[in-house]
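Encoded as structure tokens, the structure appears first; notes follow it.
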Amino acid sequence: MSDMLQTNVLLLDEHRSAPPELLRALDSVGAVVRIRTPADVLVVQHGQLPTTEVLLAYAGLSPHTVRAVARRLDDEGQRPTVVAFAENDLHLLGSHIHAGSDYLVPPFYPDLVRARLRDCHERANFTRTMEDVTARAELLSYERELEIGREIQMGFLPDALPNPDGWEIHVRFRPARTVAGDFYDVFELVNNRRLALVVADVCDKGVGAALFMALIRSLLRHTAEQSGLQSLIAADLLGEDTGWREQSRAIPVVGATPLLNAVVGTNNYLTRNHIRQGYFATMFFGVLDPLTGNLVYINGGHNPPVLVSGEGKDPVLLEPTGPAVGVIPDGTFSLGYAQIGPGDTLFVYTDGVTEARSMSGRFFGDEQLLTELARAVVRGEELLDHMDGVLSEFVGPSEQSDDITMMAVHWRLPDDNQTD
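Anchor point for the sequence shown: position 144 equals 144 in UniProt numbering, and the numbering is continuous, going up by one each time.
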């Protein structure tokens with residue numbers, strides 16, 4: 001081992017002075033010494049501080065001042081070893097030692113100074129190594145907990161999607177992080193006579209959004225399933241709406257009750273119990289009659305799903321019929337209705353699609369989405385393949401900034417049913 005210390009020392013003193021014996025000893029062991037006052041260090045611009053491996057501070061300075069200087073060096077990634085020194089006033093060292101600093105005392109013989117600083121430096125390196133190991137272990141533990149959270153969250157999503165005779169339902173789900181705020185669900189209602197279709201986006205991303213995703217999904221599904229046979233209540237509610245009464249032959253009320261109860265009940269629960277947390281969800285919740293293609297739905301502040309015609313007609317947007325869920329206490333949610341015909345595809349998505357960004361920062365946008373849907377192959381899974389490719393090409397190497405969920409509900413043409 002070389003006898004030369006070869007380390008960078010920042011000597012801290014209010015008067016920019018130090019015992020001559022100490023300076024000679026540091027010079028003789030090869031240390032590069034720079035003397036500064038605390039003010040010199042604290043006011044200097046970022047990136048202009050000298051490289052510092054040992055902060056050698058006069059014990060007459062307060063521990064608070066020394067810690068402030070050490071933090072300033074830490075901010076630039078230097079993490080120096082802090083050593084307090086005294087000449088004759090050794091009683092000043094007590095507060096620094098108590099604050100966690102090492103110390104250096106006379107006589108300042110070169111061999112003693114070298115050994116002492118090397119010992120301090122090695123001990124500090126060991127401490128930093130242990131801190132790094134601990135931080136890494138904590139990070140690994142956090143990552144493992146996130147992975148467990150992801151596995152639990154995936155358990156809230158359906159393992160398999162129901163596909164009634166003549167229908168195809170496909171979903172693409174890509175979280176931006178380990179856990180997501182988006183979710184989707186497809187499940188049977190009213191003794192398997194209706195099919196519930198849900199796509200939702202909880203505000204924000206990460207763990208908080210994932211927790212509320214689990215809560216909202218559970219509330220929606222439980223309430224809808226429990227109230228699936230209460231059609232008379234929905235009939236009473238809808239009977240007051242002349243427009244609905246005129247459409248009642250085309251759009252049966254069976255399935256409207258669980259839809260209303262689920263969305264209204266979830267909104268009321270969130271606004272009464274969790275409004276302080278500030279989490280809410282935009283969502284599309286539709287109830288489909290697979291025999292007729294009739295769809296009754298609530299769009300709670302969500303991106304309008306697009307009904308893509310199999311006959312080349314203009315796409316139909318299913319606009320919002322109420323606010324986001326969890327925002328307005330006792331909010332009003334109206335029912336919308338649509339007719340899916342043979343060959344048509346209902347495309348439901350979250351804002352991660354339209355807000356996908358290119359390398360130049362441009363958003364994908366609603367207009368481009370409609371253009372791509374119009375030119376795409378209509379069939380459900382092929383439509384998702386097309387949109388996946390378009391989005392990947394648009395975003396390029398840019399990092400995905402938001403969760404992306406896409407659902408395609410396709411009613412096959414009779415000829416397709418025969419060939420499948």
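Heads up, the beta-carbon is just placed ideally off N, CA and C, and yes, glycines get one too. Please read these numbers as outputs of a predicted model, since none were measured by experiment.
For the pair ARG79 and LEU26, the Cα-to-Cα distance works out to about 20 Å.
According to the DSSP assignment, GLY286 belongs to no alpha helix (DSSP H) but to the beta strand (DSSP E) extending over 281 to 288. For the pair of segments examined, the segment 368 to 377 was found not to touch the segment 125 to 138: the number of CB pairs separated by less than 8 Å stays below three. In the three-state reduction of the DSSP assignment, VAL264 falls in the helix class, which pools H, G and I.
Annotated as proximal: ASP402 and GLY352, with beta-carbon spacing under 9 Å. The Cβ atoms of VAL263 and LEU195 do not sit closer than 9 Å to each other.
Apart from the 5 residues on each side of it in sequence, LEU90 sits with its Cβ closer than 7 Å to the Cβ of VAL105 in its chain, given in chain order. Excluding sequence positions up to five before and after LEU189, its CB lies within less than 8 Å of the CB of LEU195, ALA196, ALA224, GLU225, GLY228, GLY255, PRO258, VAL287, all in the same chain and listed in chain order. Distance check between ARG177 and each of VAL41, GLU382, GLN400 places GLN400 closest, using alpha-carbon atoms only. Distance from the CA atom of GLU76 to the CA atom of HIS46, rounded to whole angstroms, is 7 Å. Our two residues, ARG123 and GLU147, have alpha carbons roughly 36 Å apart in a direct line. The Cβ neighbour count for SER218, taken over all protein chains shown within 10 Å, is under 16; the residue is labelled exposed. Between ARG172 and TYR142, the alpha-carbon positions lie close to 27 Å from each other. Only residues of its own chain outside the window of five on either side were considered, and among them ILE169 have a CB closer than 7 Å to the CB of ASN163, listed in chain order. Selection GLU87, GLN48, ARG174 evaluated against ARG150 yields ARG174 as nearest (Cα-Cα). According to DSSP, ASN294 shares a beta bridge with GLN339. For LEU11, the pairing in a beta bridge is given by DSSP as ILE35, LEU56.
Of the other Cβ atoms in all chains shown, fewer than 16 fall within 10 Å of the Cβ of LEU42; this residue is therefore exposed. Taken atom to atom, the span from the alpha-carbon of THR266 to that of HIS222 is near 10 Å. Residue pairing of THR345 in beta bridges, as defined by DSSP: VAL308, HIS410.
Of the residues assessed, ASP74 falls on the exposed side of the cut-off, its CB having fewer than 16 other CB atoms within 10 angstroms.
Under the DSSP assignment, ARG221 falls in the alpha helix (DSSP H) whose first and last residues are 207 to 226.
Per DSSP, VAL327 has no beta bridge partner at all.
Judged by DSSP in its simplified three-state form, ASN191 adopts coil rather than helix or strand. Between GLY336 and ASN299, the CB-CB gap stays under 9 Å. The C-beta of VAL377 has fewer than 16 other C-beta atoms within 10 Å across all chains shown, which makes the residue exposed.
Distance from the CA atom of ARG118 to the CA atom of ASN125, rounded to whole angstroms, is 10 Å.
DSSP places GLY352 within a helical segment (H, G or I) once states are collapsed to three. Closest option to ARG72, judged by alpha-carbon separation, among ALA84, TYR58, LEU49, LEU92: LEU49.
With a 10 Å radius around the Cβ and a threshold of 16 neighbouring Cβ atoms, TYR109 comes out exposed. The C-alpha of VAL29 lies about 39 Å from the C-alpha of GLU138.
THR52 has its alpha-carbon roughly 20 Å from the corresponding atom of SER62. Following the DSSP letters along the chain, one finds VAL66 inside the alpha helix (DSSP H) bounded by residues 63 to 75. Within the segment 90 to 134, the runs of alpha helix (DSSP H) at least 4 residues long that lie entirely inside it are, in chain order, 93 to 98.
In the structure shown, HIS386 adopts helical secondary structure according to DSSP, grouped into three states. Listed as beta-bridge partners of ALA18 by DSSP are no residues whatsoever.
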